[in-house]
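**Q** Have a look at this one before I ask anything.
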Amino acid sequence: MSVPKDELHRLVEALPEQETRVVKRFLEFILSRAQAEDRAWLEADLGELPPYDWGPEGPPKGKPVQYKPGVGLIVEGGKQ
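Heads up, the sequence shown is in numbering that gives the first Met the number 0, so the first residue is 0 and it goes up one at a time.
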């Protein structure tokens with residue numbers, strides 16, 4: 000479930016002043032936990048993982064892509 004940030008801003012603005020400190024501490028906790036999980040993945044030694052088993056058909060066929068700054072990935076030859 001996604002909540003627009005303006006809705007969150009409205010809810011925080013409606014809180015009594017002492018409650019905003021509680022919300023701030025909670026949000027800082029959530030962010031620190033997420034950053035710790037990210038750090039664990041980034042620092043993990045993934046070189047020891049076995050190769051991925053694509054099955055008898057091998058990796059799926061794909062189309063070449065091109066990256067354009069400010070646009071993103073563009074599938075060469077269209078999406079079909």
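All C-beta atoms, glycine included, are put in the ideal place defined by N, C-alpha and C.
For V74, collect the residues of the same chain with a Cβ closer than 6 Å to its Cβ; drop the 5 residues on either side in sequence, then sort them by chain order.
**A** Numbered from its first residue, the sequence shown carries residue 74 at position 75. Cβ neighbours of V74 beyond the five flanking positions: K62, V64.
**Q** Could you tell me which of V11, R38, D37, E36 sits nearest to L25, measuring between CA atoms?
**A** On the sequence shown, residue 25 is found 26 positions in, with the first residue counted as 1. According to the sequence provided, residue 25 is Phe. The question's Leu does not apply to it. Taking only the C-alpha atoms, the option nearest F25 is V11.
**Q** Tell me L72's beta-bridge partners as DSSP assigns them.
**A** Numbered from 1 along the sequence shown, position 73 holds the residue referred to as residue 72. DSSP lists Y66 as partners of L72.
**Q** Suppose contacts are defined by Cβ-Cβ distances below 8 Å. Is L30 in contact with V22 by that definition?
**A** Taking the sequence shown and counting its residues from 1, the one referred to as residue 30 is at position 31. Taking the sequence shown and counting its residues from 1, the one referred to as residue 22 is at position 23. Taking 8 Å as the Cβ cut-off, L30 and V22 do not qualify as a contacting pair.
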